[in-house]
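*Asks:*
There are 2 protein chains.
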Amino acid sequence: MGIGPGGEDDLTRRAARAISEADLLVGYTTYLQLVQKMSCYHGQEMYTTGMTHEVDRVKYAAEAARRGLKVAVVSSGDAGVYGMAGLVLEVLEATGQVAQLEIIPGIPAANTAAALLGAPLMQDYATISLSDLLTPLPDILKRVEAAAAADFVIVLYNPRSNSRRDPWEQAVAVLKKHRQPNTPVGMVNKAGRAGESVKLTFLEQLDEHEPDMLTTVIVGNSRTRVKSGRMITPRGYLL
Amino acid sequence: MGIGPGGEDDLTRRAARAISEADLLVGYTTYLQLVQKMSCYHGQEMYTTGMTHEVDRVKYAAEAARRGLKVAVVSSGDAGVYGMAGLVLEVLEATGQVAQLEIIPGIPAANTAAALLGAPLMQDYATISLSDLLTPLPDILKRVEAAAAADFVIVLYNPRSNSRRDPWEQAVAVLKKHRQPNTPVGMVNKAGRAGESVKLTFLEQLDEHEPDMLTTVIVGNSRTRVKSGRMITPRGYLL
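Residue numbers (full-length UniProt numbering), protein chains in the order written: chain A, 1 to 239; chain B, 1 to 239.
Here you go:
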């Protein structure tokens, strides 16, 4: 299940009920700390592990479900977008438990960021993760190039970490080949949580910014512009 | 604001509160009929018009807001994805009312469909509308071609209407050039509403299907497969 950006207001009723009815909550530590602040949390058991322990977490969840517990595996944003839904499905497929699975969508990080920035996703867009842990960097850059050349609005997830700056720098270089220097770029961090930051900048100034793994970056297409401090990609209605 | 697929369970708390507190609800007739069934509806005034009257609807909403009313402009899915957010922003920008605007995201149709199908969006994906009312067909097909060649999972919105079959047929032809015949394709109609339909098929059998304007189509990438009746694009974790 996905909880959206992390505040209770952005949870769907279906998600709140799933948390409320669960015997066990499984997830990355940071996300479960957000859940603990919600009114649907009433002391349910938790199994938390840090990043990169995804497989361990999901196997624990599957084992608990086999023992008869109702388990909620919690992702931020939408569980189906770079979240845990795929891994849970694969593990339950292997253990023959798929029939027990319900996947509950949440507001994806891209859509939370877009709403805070304005309306940048009104035309066709491509979602690309710059994390090269599970995807080779050349494949990632090929997608950035294809999306940039075909004038998609581009959403970048996991753009950059302290130890992993190459994908970001190379992706920005590819974008600069295809888009004008004054292309609007929005960057949103910790949407709806303490420390929320919403920045609007331009492709030519991207080098001055240092996004991290929690930043969602939205790069406009050739029609995107900034008006009254909001980023907008007009759909094309005649006013 | 976006209400997600249309049932009250898929509404965020923020969206439910916005409906509840609004003096006036504005939207396409079908969506407001969904809202009327929700517990956050308590007789608020409604202004509904059919499809293609979007500009009229938004100008009416802006005028009502200027008179001091709290107005909720309602889209299904996410208002920021082929919804009303962009048009509302443009109209309010022209009338100097932008500062009063809050954009409330909802679960996008792509993510609702993905959750019902399994986990097809676990790798990079591109969202493309096949409606050529506001975008020239050659531009649409160029994007389908680029996304197909770069191995994006592809989400197609507004795939086909009775009077508009060309974009669908041509898009399918482009997809067949780049993807294997056994590429999984999911089709979801009226998710979470009466008449919900979830179909899993393959690229080679697409000609046997007739999606409509309310169908969300998800075309797998080269790694997407079907297991236990679910569509999955593995993220690449080692199990």
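Quick reminder that beta carbons are idealized off the backbone N, C-alpha and C, glycines included. Model, not experiment: these values are computed from the prediction.
Assign L101(B) to buried or exposed, taking buried as 16 or more other Cβ atoms, counted over all protein chains shown, within 10 Å of its Cβ.
*Replies:* Start at 1 with the first residue of the second sequence, and residue 101(B) comes out as number 101. Classification of L101(B): buried, given that the 10 Å Cβ count is 16 or more.
*Asks:* Fully enclosed by the region 7-59 of chain A, which beta strand (DSSP E) runs are 3 residues long or longer?
*Replies:* Those beta strand (DSSP E) runs which fall completely within the region 7-59 of chain A and span 3+ residues are 24-28, 45-49.
*Asks:* Please report the straight-line C-alpha distance between T233(A) and G96(A), rounded to a whole angstrom.
*Replies:* What you label residue 233(A) is simply residue 233 of the first sequence in a count that begins at 1. What you label residue 96(A) is simply residue 96 of the first sequence in a count that begins at 1. Approximately 45 Å between the Cα atoms of the pair.
*Asks:* By alpha-carbon positions, which one of E54(B), A62(B), S76(B), M122(B) ends up nearest to L11(B)?
*Replies:* Taking the first residue of the second sequence as 1, we reach residue 11(B) at position 11. Ranking E54(B), A62(B), S76(B), M122(B) by Cα distance to L11(B) puts S76(B) first.
*Asks:* Quick check: the Cα distance between G27(A) and L137(B), rounded to an integer number of angstroms?
*Replies:* To locate residue 27(A), count along the first sequence from 1; it is residue 27. To locate residue 137(B), count along the second sequence from 1; it is residue 137. If you take the alpha carbons of G27(A) and L137(B), they lie about 44 Å apart.
*Asks:* For M122(B), which residues in the same chain have their Cβ closer than 6 Å to its Cβ, ignoring the five residues on either side in sequence?
*Replies:* For this step, residue 122(B) is matched to residue 122 along the second sequence. Here the set comprises T233, R235.
*Asks:* Does the beta carbon of L137(B) sit closer than 9 Å to a beta carbon anywhere in chain A?
*Replies:* As a position in the second sequence, residue 137(B) is number 137, starting the count at 1. No, L137(B) lies away from the interface with chain A (no Cβ there is under 9 Å from its Cβ).
*Asks:* Under 8 Å by Cβ, that's how I've got A62(B) and L24(B) pegged, so tell me the actual separation to the nearest angstrom.
*Replies:* Taking the first residue of the second sequence as 1, we reach residue 62(B) at position 62. Taking the first residue of the second sequence as 1, we reach residue 24(B) at position 24. 11 Å between Cβ atoms; not a contact.
*Asks:* Quick one: grab the DSSP three-state call for T127(A).
*Replies:* Working through the first sequence from its first residue, we reach residue 127(A) at position 127. In the structure shown, T127(A) sits in a strand (DSSP, three-state: E or B).
*Asks:* What residues in the region 86-103 of chain A have a beta carbon less than 9 Å from any beta carbon of chain B?
*Replies:* So the close ones are G86, L87, V88, L89, E90, V91, L92, E93, A94, G96, V98, A99, L101, E102, I103.
*Asks:* Mind checking if K177(A) is an interface residue toward chain B, Cβ cutoff 9 Å exclusive?
*Replies:* What you label residue 177(A) is simply residue 177 of the first sequence in a count that begins at 1. Cβ-Cβ to chain B under 9 Å: no for K177(A).
*Asks:* For T201(B), list the residues DSSP reports as bridge partners.
*Replies:* Counted from its first residue, the second sequence places residue 201(B) at position 201. Answer is V185(B).
*Asks:* Considering only their Cβ atoms, is the gap separating K177(A) from A148(A) smaller than 9 Å?
*Replies:* For the purposes of this step, residue 148(A) is taken as the residue at position 148 of the first sequence. For the purposes of this step, residue 177(A) is taken as the residue at position 177 of the first sequence. Yes, the Cβ-Cβ distance between A148(A) and K177(A) is below 9 Å.
*Asks:* Suppose contacts are defined by Cβ-Cβ distances below 9 Å. Is V155(B) in contact with T201(B) by that definition?
*Replies:* Position 155 of the second sequence, counting from 1, holds the residue named residue 155(B). Position 201 of the second sequence, counting from 1, holds the residue named residue 201(B). Taking 9 Å as the Cβ cut-off, V155(B) and T201(B) do not qualify as a contacting pair.
*Asks:* Please confirm if R14(B) has its CB atom under 9 Å from at least one CB of chain A.
*Replies:* Residue mapping note: residue 14(B) aligns to position 14 of the second sequence, counting from 1. Output row for R14(B): interface = yes.
*Asks:* Compute the Euclidean distance between the alpha carbons of E90(B) and P181(B), then round it to the nearest angstrom.
*Replies:* The count along the second sequence starts at 1 and reaches residue 90(B) at position 90. The count along the second sequence starts at 1 and reaches residue 181(B) at position 181. Each residue's alpha carbon lies about 43 Å from the other.
*Asks:* Among residues of its own chain, excluding the 5 on either side of M38(A), which ones have a beta-carbon nearer than 8 Å to its beta-carbon?
*Replies:* Translated into the one-based positions of the first sequence, residue 38(A) becomes position 38. Taken in chain order, the residues that qualify are E8, L11, A16, I19.
*Asks:* Can you tell me whether L206(B) is buried or exposed, with buried defined as 16 or more other CB within 10 angstroms of its CB?
*Replies:* Counted from its first residue, the second sequence places residue 206(B) at position 206. Flag for L206(B) reads buried.
*Asks:* According to DSSP, simplified to helix, strand and coil, what is residue 240(B)?
*Replies:* Because chain B here runs from 1 to 239, residue 240(B) falls outside it and cannot be looked at.
*Asks:* Which same chain residues, not among the five before or five after I103(B), have their C-beta less than 6 Å away from its C-beta?
*Replies:* For the purposes of this step, residue 103(B) is identified with residue 103 of the second sequence, where counting begins at 1. If we look at I103(B) and ignore the five residues flanking it on each side, its Cβ neighbours are A85.
*Asks:* I'd like to check one pair, G186(B) with K199(B): are the Cβ atoms closer than 9 Å?
*Replies:* The residue you call residue 199(B) lines up with position 199 of the second sequence. The residue you call residue 186(B) lines up with position 186 of the second sequence. Against a cut-off of 9 Å, the Cβ pair of G186(B) and K199(B) comes out as a contact.
*Asks:* In angstroms, rounded to a whole number, what distance separates the CA positions of T224(A) and L130(A)?
*Replies:* As a working mapping, residue 224(A) is identified with position 224 in the first sequence. As a working mapping, residue 130(A) is identified with position 130 in the first sequence. Their backbone Cα atoms lie some 22 Å apart in a straight line.
*Asks:* Could you pull out every residue in the same chain whose Cβ sits closer than 7 Å to the Cβ of residue 240(A), ignoring the five residues on either side in sequence?
*Replies:* Missing from the structure shown is residue 240(A); chain A here goes from 1 to 239 and no further.
*Asks:* Label R165(B) either buried or exposed according to how many other C-beta atoms from any shown protein chain fall within 10 Å of its C-beta, with 16 as the threshold for buried.
*Replies:* Here the question's residue 165(B) lines up with position 165 in the second sequence. Per the 10 Å Cβ criterion, exposed.
*Asks:* Using a threshold of 9 Å, state whether the C-beta atoms of G6(B) and Y47(B) are closer than that.
*Replies:* Mapped onto the second sequence, residue 6(B) falls at position 6. Mapped onto the second sequence, residue 47(B) falls at position 47. Not a contact, by the Cβ cut-off of 9 Å.
*Asks:* Going by C-alpha distance, which of A94(B), V188(B), T112(B), V55(B) is nearest R230(A)?
*Replies:* In the first sequence, the residue the question calls residue 230(A) occupies position 230. Looking at the Cα atoms, A94(B) is the closest of the given residues.
*Asks:* For G80(A), which residues from the same chain have a beta carbon less than 8 Å from its beta carbon, with the 5 sequence-adjacent residues on both sides left out?
*Replies:* In the first sequence, counting from the first residue as 1, residue 80(A) sits at position 80. The answer, listed in chain order, is G2, G86, I103, P105.
*Asks:* Below 8 Å on the Cβ atoms is my contact criterion, and I expect P108(B) with D151(B) to pass it. Report the Cβ-Cβ distance as a whole number of Å.
*Replies:* Stepping through the second sequence from its first residue, residue 108(B) is reached at position 108. Stepping through the second sequence from its first residue, residue 151(B) is reached at position 151. With a Cβ gap of about 22 Å, P108(B) and D151(B) do not count as contacting.
*Asks:* If you compare alpha carbons, which of V55(B), V74(B), A22(B) is closest to G68(B)?
*Replies:* Within the second sequence, the letter at position 68 stands for residue 68(B). It is A22(B) whose Cα lies nearest to the Cα of G68(B).
*Asks:* For the putative contact between R143(A) and D124(B), defined by C-beta atoms under 8 Å, what is the C-beta separation to the nearest angstrom?
*Replies:* Against the first sequence, residue 143(A) aligns to sequence position 143. Against the second sequence, residue 124(B) aligns to sequence position 124. 5 Å between Cβ atoms; contact.
*Asks:* What does the Cβ neighbour count give for N111(B), buried or exposed, with the cut at 16 atoms within 10 Å?
*Replies:* Walking along the second sequence from the start, residue 111(B) turns up at place 111. It counts as buried.
*Asks:* Taking 9 Å as the threshold (C-beta atoms), are L141(A) and A114(A) in contact?
*Replies:* Position 114 of the first sequence, counting from 1, holds the residue named residue 114(A). Position 141 of the first sequence, counting from 1, holds the residue named residue 141(A). No, these two residues do not count as a Cβ contact at 9 Å.
*Asks:* Give me the Cα-Cα distance between S222(B) and R179(A), rounded to the nearest whole angstrom.
*Replies:* For the purposes of this step, residue 222(B) is taken as residue 222 along the second sequence, with counting starting at 1. For the purposes of this step, residue 179(A) is taken as residue 179 along the first sequence, with counting starting at 1. One C-alpha to the other measures close to 28 Å.
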